[in-house]
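Protein chains in written order, with the working numbering: chain B, 399 to 613; chain H, 399 to 613. Where a beta carbon is used, it is the ideal one built from N, C-alpha and C, also for glycine. Only one structure is covered here, and it is reproduced in the block below.
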DNA sequence: AGAAAAATTGACGATTTGGTCAAGAAATTC
DNA sequence: GAATTTCTTGACCAAATCGTCAATTTTTCT
């Protein structure tokens, strides 16, 4: 226990403080941005929320926008993780179940990040770079191709893959972005793990029965 | 042409100017609020957007919050219109089709209002009064009962009605709230009527095949 | 037409905003 | 342990913020 303390401090000596404080700032910022958007969030609020003086924040980030775009960049990396479940080789039943499960799991464990992203989309996505926009587009296109393949092979009913994906995305995303609405609908104070499991079951059931060919 | 001018001015002489200007203000405000939220929208922006001097806005609305809550109240009145299609007497197939169609139609024709509402929900719905919250809850509960009835009568598969409704709501709402995302997914600049029709077809198909008992 | 009420608006004020700066405190390096 | 780099922070600024007000113009009423 005593010897263990010096080991981690050796690990990254020149970046320890910076990494810790940047993390603090970003964590406080994503929470506020996710609720009030870019224009609605004051840098003083971020400072107070993470317990650092405002001037210190400007030591790590040159502007408010820099904080915001850093968050976008960081979150976009995990954005399409769930889509990796959708592959041409896989059986649609399995692939779609896995996707819904993964997406709901992400929604539950990263409510704030999901909401931040939703807020940026509501705004029209003006802070996204052209490259980031294209990335999203390409990722979607790939998966749309997979679904098109499934349709061609008669593995699922003939449906518009684009709108099909929007259905999936919208439904799963909803539980993070509009957690309060979902809670009201379910007549609960907040969503529990059980609620997410019930959601998963219902969504998978409807989606699968809704797109698989009559057996 | 000359005689027609005096007729409409007789109609509501004491409220004409007020009504017109309040409408102008609210229209400009809902647009801005829908993009940037309450905190992110400046009253000067609203003034500029509706072509009235800022001081004039404060003649009609005492505070920024007054504008915002007026909008909430006004929009909440149309919020549950689409749900009226869901009645116990009706056949699930018809009722659900009608609901999806109505909801998508509303999303298409009232993009701004839908997005405004979504923004308020993202915020956590803090500007909603307790009565308004209860209203939403009761409306939902009624329709959940209808679906429960359908399940009991074997008209649809056994599913959790709450999550089923969330699916419907999330999917249809998506096309208004995240129009930009939908447009990117569909690889278009903006959504056309055709896109909404394709969305409707896909959603209805999946939802109906997904919940109707095997025929 | 003239009085009364409603509507308009430029100028203003207290407060808050994003961001700067320079002086000092800690940590790191040699 | 001294030099150097990194980090911290109170004080500050120009611009923007919400909201006020009193003087004026327009509309309505009789």
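### Task
Could you name the residues of chain B that residue 603 of chain H contacts, counting a contact when the two beta carbons are closer than 7 Å?
Chain B residues near residue 603 of chain H: 557.
### Query
Thinking C-alpha only, which one of B:505, B:435, B:492, B:427 is nearest residue 567 of chain B?
Among B:505, B:435, B:492, B:427, the Cα nearest to that of residue 567 of chain B is on B:505.
### Query
Taking any Cβ of chain B, which residues in the region 575-608 of chain H have a Cβ under 8 Å from it, in chain order?
Cβ contacts with chain B come from 575, 576, 578, 579, 580, 582, 583, 584, 585, 596, 597, 599, 600, 601, 603, 604, 605, 606, 607, 608.
### Query
Along chain B, in chain order, which residues have C-beta atoms closer than 9 Å to that of residue 516 of chain H?
Contacts between residue 516 of chain H and chain B, judged by CB atoms closer than 9 Å, involve 516, 520, 575, 576 in chain order.
### Query
Should residue 535 of chain B and residue 487 of chain H be called a contact, given that it needs their Cβ atoms to be closer than 8 Å?
Contact: no.
### Query
For residue 427 of chain H and chain B, any beta-carbon pair shorter than 8 Å?
No, no contact with chain B.
### Query
By Cβ distance, which residues of its chain are closer than 7 Å to residue 580 of chain H, with the 5 residues on each side in sequence left out?
The beta carbon of residue 580 of chain H lies closer than 7 Å to those of 572, 573, 589 in the same chain, with the five residues before and after it left out.
### Query
What residues from the region 490-504 of chain B come within 7 Å of chain H, judged by C-beta to C-beta, listed N to C?
Contacts with chain H (Cβ-Cβ distance below 7 Å) from the region 490-504 of chain B involve no residue at all.
### Contact set between residue 513 of chain H and chain B, taken where Cβ atoms lie within less than 8 Å
Correct list: 520.
### Query
Roughly how many angstroms lie between the CA atoms of residue 432 of chain H and residue 511 of chain H, to the nearest whole one?
Residue 432 of chain H and residue 511 of chain H have their C-alpha atoms some 7 Å from each other.
### Query
If we count the other Cβ atoms within 10 Å of its Cβ and call it buried at 16 or more, is residue 415 of chain B buried or exposed?
Exposed: under 16 other Cβ atoms inside 10 Å.
### Task
Please list the residues of the region 529-551 of chain B that have a C-beta atom closer than 7 Å to any C-beta atom in chain H, keeping them in chain order.
Here the close residues are 531, 534, 535, 538.
### Query
From the beta carbon of residue 452 of chain B, is the nearest beta carbon of chain H less than 8 Å away?
No, residue 452 of chain B lies away from the interface with chain H (no Cβ there is under 8 Å from its Cβ).
### Message
Any beta carbon from chain B within less than 8 Å of residue 413 of chain H's own beta carbon?
### Response
The beta-carbon of residue 413 of chain H is placed no less than 8 Å from the nearest beta-carbon of chain B.
#### Entry: Under 8 Å by beta carbon: chain H residues contacting residue 506 of chain B
Correct list: empty, because the minimum Cβ distance to chain H is about 14 Å.
### Straight-line gap, residue 484 of chain H to residue 454 of chain B (C-alpha atoms, nearest Å)
Computed Cα separation, rounded: 56 Å.
### Message
Quick test of your reading: residue 520 of chain B and residue 575 of chain H, contact by CB under 8 Å. State the CB separation rounded to the nearest angstrom.
### Response
About 6 Å separates the CB atoms of residue 520 of chain B and residue 575 of chain H; that is less than 8 Å, so the two are in contact.
### Query
From H:610, H:599, H:598, pick the residue whose C-alpha is nearest to that of residue 549 of chain H; which is it?
Checking every option, the nearest Cα to that of residue 549 of chain H belongs to H:610.
### Under 9 Å from the C-beta of residue 478 of chain B: neighbouring residues of chain H
Taking a Cβ-Cβ threshold of 9 Å, none of the residues of chain H is close to residue 478 of chain B; the smallest such distance is about 13 Å.
### Alpha-carbon spacing of residue 551 of chain H relative to residue 418 of chain B, whole angstroms
As the crow flies, the alpha-carbon of residue 551 of chain H is around 59 Å from that of residue 418 of chain B.
### Task
Compute the Euclidean distance between the alpha carbons of residue 472 of chain B and residue 599 of chain H, then round it to the nearest angstrom.
If you take the alpha carbons of residue 472 of chain B and residue 599 of chain H, they lie about 36 Å apart.
### Task
For residue 568 of chain B, go through chain H and note every residue whose CB falls closer than 7 Å to its CB, in chain order.
Within 7 Å Cβ-Cβ: 568, 569, 572.
### Query
At what residue ranges does the region 489-518 of chain H contain a whole run of the alpha helix (DSSP H), taking only runs of 4 or more?
As far as the region 489-518 of chain H is concerned, its whole alpha helix (DSSP H) runs of at least 4 residues are 490-507.
#### Entry: Nearest-angstrom Cα separation, counted from residue 542 of chain H out to residue 437 of chain B
The C-alpha of residue 437 of chain B lies about 38 Å from the C-alpha of residue 542 of chain H.
### Query
Between the beta-carbon of residue 480 of chain B and the beta-carbon of residue 497 of chain B, is there less than 8 Å?
A contact, by the Cβ cut-off of 8 Å.
### Message
Alpha carbons only, please: which of B:562, B:413, B:474 is nearest the one belonging to residue 533 of chain B?
### Response
In terms of CA proximity to residue 533 of chain B, B:474 leads the group B:562, B:413, B:474.
### Query
Does DSSP classify residue 610 of chain H as helix, strand or coil?
Coil at residue 610 of chain H, not helix or strand.
### Query
Can you find a CB in chain B that lies within less than 8 Å of the CB of residue 444 of chain H?
Cβ-Cβ to chain B under 8 Å: no for residue 444 of chain H.
### Query
When you compare only the Cα positions, how much space is there between residue 503 of chain B and residue 509 of chain B?
Cα to Cα, residue 503 of chain B sits roughly 10 Å from residue 509 of chain B.
### Pairwise C-alpha distance: residue 570 of chain B and residue 582 of chain H
Spanning the two alpha carbons is a distance of roughly 19 Å.
#### Entry: Three-state secondary structure assigned by DSSP to residue 429 of chain B
Taken through DSSP and simplified to helix, strand or coil, residue 429 of chain B comes out as helix.
### Query
Residue range of the alpha helix (DSSP H) that residue 452 of chain H falls in?
First-last of the alpha helix (DSSP H) with residue 452 of chain H: 452-458.
### Task
Could you tell me whether any Cβ in chain B is nearer than 8 Å to the Cβ of residue 449 of chain H?
With a threshold of 8 Å between beta carbons, residue 449 of chain H makes no contact with chain B.
### Task
Keeping to the same chain, check which residues put their C-beta closer than 7 Å to that of residue 597 of chain H; ignore five residues upstream and five downstream.
Counting only Cβ-Cβ distances below 7 Å, and skipping sequence neighbours, we find 502, 573.
### Query
Would a check of beta-carbon distances place residue 353 of chain B closer than 8 Å to chain H?
Only positions 399 to 613 of chain B appear in this structure, which leaves residue 353 of chain B out of reach.
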